[in-house]
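In my numbering, the protein residues as written are 14 to 145.
Set out below in structure tokens:
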């Protein structure tokens, strides 16, 4: 059985395209941890907001696992690499419309977050709970 791909990278690309179609500037809000390669001097409270518009970045690649591009910060070119899991929002600078995502925390032991072995579902009768 194959693992289903998250909808998150598709939603990020959709909002990015929506921004482009409407002449808006897409901004990416990123939770910064050891997996993200961003200019640390601009990180505040563990987060950074990046202008991802075509006038600010070069060689943008938005894959299912990683977003990469080059950009200048105070005139210095930098290569940016952001795992899709670190993106906590994408929105238009001009009106704030977009999507936000929950933070995906990195496990404390530094592992990838993937279980070593597949977990087996609990045995027995399933239980449902009514939520009002």
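For each residue, glycine too, the CB sits at the ideal point set by N, CA and C.
What are the residues that DSSP puts in a beta bridge with residue 60?
-> One-based indexing of the chain shown puts residue 60 at position 47. According to DSSP, residue 60 bridges with 44, 57.
Straight-line gap, residue 13 to residue 85 (C-alpha atoms, nearest Å) = No statement about residue 13 is possible, as the shown extent of the chain runs from 14 to 145 and does not include it.
Distance, residue 99 Cα to residue 40 Cα = Here the question's residue 40 lines up with position 27 in the chain shown. Here the question's residue 99 lines up with position 86 in the chain shown. Residue 40 and residue 99: Cα-Cα distance of roughly 14 Å.
Range of the contiguous beta strand (DSSP E) that encloses residue 71 | The residue labelled residue 71 in the question sits at position 58 within the chain shown. Unbroken beta strand (DSSP E) run through residue 71: 70 to 75.
Residue 90 - DSSP class collapsed to helix/strand/coil = Locating residue 90 in the chain shown gives position 77, counting from the first residue. In this structure, residue 90 counts as strand in the three-state DSSP scheme.
Candidates 107, 23, 63, of which the one nearest residue 95 by Cα = Locating residue 95 in the chain shown gives position 82, counting from the first residue. The shortest Cα separation from residue 95 among 107, 23, 63 belongs to 63.
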